[in-house]
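See structure below.
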DNA sequence: CGAGATTCATGTGAAGTATACCTTTAGGCTTAA
DNA sequence: AAGCCTAAAGGTATACTTCACATGAATCTCGTA
């Protein structure tokens with residue numbers, strides 16, 4: 039019986055392609071990191087005082103997406119924690135990604151998440167923020183001597199909620215007696231640091247590190263080394279890897295993207311039942327990733343956002359001239375009336391459009407039409423081929 | 001003809017409102033001794 | 001009397017509204033050459 043089932047599963051999974059797919063997942067931390075030795079050394083030496091439980095300088099890392107910032111930090115974090123464990127040091131290093139909506143896009147949520155890392159049970163809402171700070175300082179004071187907080191995609195958080203919380207965090211040190219905290223900020227927006235309050239800026243970036251993009255050769259190395267263990271032997275040709283590296287090098291040396299590309303290519307080949315990954319898989323993967331990203335983004339938007347987007351879609355369909363905020367609002371209004379649904383104000387719809395712009399569903403530019411007033415000129419940023427699909431999703435969600 | 005004033009349709013910021021949750025607290029009920 | 005439950009009171013975050021002011025170039029106005 040057992041044997042039979044095994045056969046069935048084997049035949050079913052037809053795993054010709056992957057040996058260990060996790061290795062291509064973007065949150066995977068490999069044992070050796072290629073072409074980032076310099077950065078690792080620097081981060082490590084900046085954080086070194088932590089091993090004597092002295093407060094390391096606050097550190098600020100920036101570089102474009104997929105240049106290995108998170109990877110390097112995680113790597114150093116693991117090493118430090120290992121050492122700390124051996125030496126029985128009371129050191130705590132926590133990583134928070136401010137971009138994830140559930141975790142860190144408000145001051146409250148970031149703080150709550152930090153507290154959860156201490157094993158506290160914090161409700162989503164309800165507590166005074168000040169109380170969280172109090173609890174936070176108490177916990178640090180009691181439980182640890184040195185606390186390093188890694189705030190990834192910190193620019194996202196600051197854009198949403200302002201830089202006040204960073205100030206508060208840096209200020210906490212002066213209230214602590216036995217322990218201290220250090221901050222590590224990670225951002226892929228290089229201009230971000232200049233927009234901060236000067237006081238925060240100087241305190242947050244006591245040390246700064248810039249991550250340059252990988253070039254095509256380095257990308258190739260990274261891809262090759264990972265695919266060696268991720269794929270089965272002979273599944274992936276050098277040509278595919280080269281092409282993948284070339285793609286990624288074009289998009290500012292984004293290694294994460296390259297790895298995603300490789301993984302999805304593999305998945306496509308697997309689904310095909312093929313025994314090797316071809317360049318055609320790669321091309322398809324490229325399209326699929328972009329598609330999935332957009333569709334996912336749209337699906338997770340709230341209902342009112344769907345209405346607004348649908349209005350934009352309608353306008354785009356029979357557009358004669360350029361689309362402005364007012365046009366969208368008027369179609370949106372009609373739509374709401376038809377559907378007997380509560381209608382938001384133009385003020386709010388304007389903000390929603392701005393948010394669409396932020397996530398890249400739409401390109402909006404504030405222009406002045408002279409005496410015709412000031413408005414946004416809006417263009418849909420969804421590829422032509424996806425529009426029917428998007429429309430379908432929206433119609434389904436809105437019961438049209 | 002050209003400099004300044006005017007104007008339009010929204011952008012944008014601040015402050016207020018409604019709703020959904022959350023904790024704390026006081027009172028009432030149950031229960032065990 | 002102690003323990004437990006519940007409802008009310010007092011907070012907060014979030015999504016949205018209201019109000020008010022800011023914008024920036026096409027257009028108008030008017031003084032001047």
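Residue numbers (our numbering): 39 to 438.
Ideal placement from N, C-alpha and C gives every residue a C-beta, glycine not left out.
#1: Strictly by DSSP, which residues pair up with residue 246?
#2: Does the Cβ-Cβ distance between residue 226 and residue 398 come in under 8 angstroms?
#3: Is it right to say residue 237 is buried, meaning 16 or more other beta carbons lie within 10 angstroms of its own, or is it exposed?
#4: May I have the straight-line CA-CA distance separating residue 313 from residue 257, to the nearest angstrom?
#5: What are the residues that DSSP puts in a beta bridge with residue 414?
#6: Kindly list the residues whose CB is nearer than 7 angstroms to the CB of residue 403, restricted to its own chain and excluding five residues on each side of it in sequence; keep chain order.
#7: Where does the unbroken alpha helix (DSSP H) through residue 442 begin, and where does it stop?
#8: Using alpha carbons as the reference points, say which of 275, 292 and 422 lies closest to residue 304.
#9: I'd like the list of long-range same chain contacts for residue 40, defined as Cβ closer than 8 angstroms, with 5 residues on each side in sequence excluded.
#10: Mind checking residue 241: buried by the 16 CB within 10 Å criterion, or exposed?
#11: Taking the alpha-carbon of residue 326 as reference, which of 338, 344, 343 and 300 has the nearest alpha-carbon?
#12: Just tell me which of 380, 223 and 252 has its CA closest to the CA of residue 244.
#13: Does residue 315 come out as helix, strand or coil in the three-state DSSP assignment?
#14: Run the CB neighbour count on residue 216, radius 10 Å, all protein chains shown included, and call it buried at 16 or more, exposed below.
#15: Does the region 113 to 133 come close enough to the region 72 to 91 that 3 or more CB-CB pairs lie under 8 angstroms?
#16: Do three or more CB pairs link the region 280 to 297 to the region 248 to 267 at distances below 8 angstroms?
#17: For a quick check, are the C-beta atoms of residue 278 and residue 316 less than 8 angstroms apart?
#18: Would you call the region 326 to 335 in contact with the region 350 to 363, where contact means no fewer than 3 C-beta pairs closer than 8 angstroms?
#19: Is it buried or exposed for residue 421, if we count other Cβ within 10 angstroms and need 16 for buried?
#20: Within a Cβ cutoff of 7 angstroms, which residues of the same chain sit near residue 210, ignoring the five residues on either side of it in sequence?
#21: Whole angstroms are fine: how far does the CA of residue 133 sit from the CA of residue 261?
#22: Between the C-alpha atoms of residue 107 and residue 249, what's the straight-line distance to the nearest angstrom?
To lay it out plainly:
#1: In DSSP, residue 246 forms a bridge with 98.
#2: no
#3: exposed
#4: 24 angstroms
#5: 404
#6: 414 and 415
#7: In the structure as shown, the chain begins at 39 and stops at 438. Residue 442 is therefore absent and cannot be evaluated.
#8: Nearest to residue 304 by alpha-carbon distance, out of 275, 292 and 422, is 275.
#9: Any answer about residue 40 is weak, because its pLDDT of 48 lies below 50 and its placement is not dependable; what the coordinates show is given next. Contacts found: none.
#10: buried
#11: 300
#12: 223
#13: Secondary structure at residue 315: strand, using DSSP grouped into helix, strand and coil.
#14: exposed
#15: Yes, the region 72 to 91 is in contact with the region 113 to 133.
#16: yes
#17: Taking 8 angstroms as the Cβ cut-off, residue 278 and residue 316 qualify as a contacting pair.
#18: no
#19: exposed
#20: 175 and 219
#21: 26 angstroms
#22: 7 angstroms
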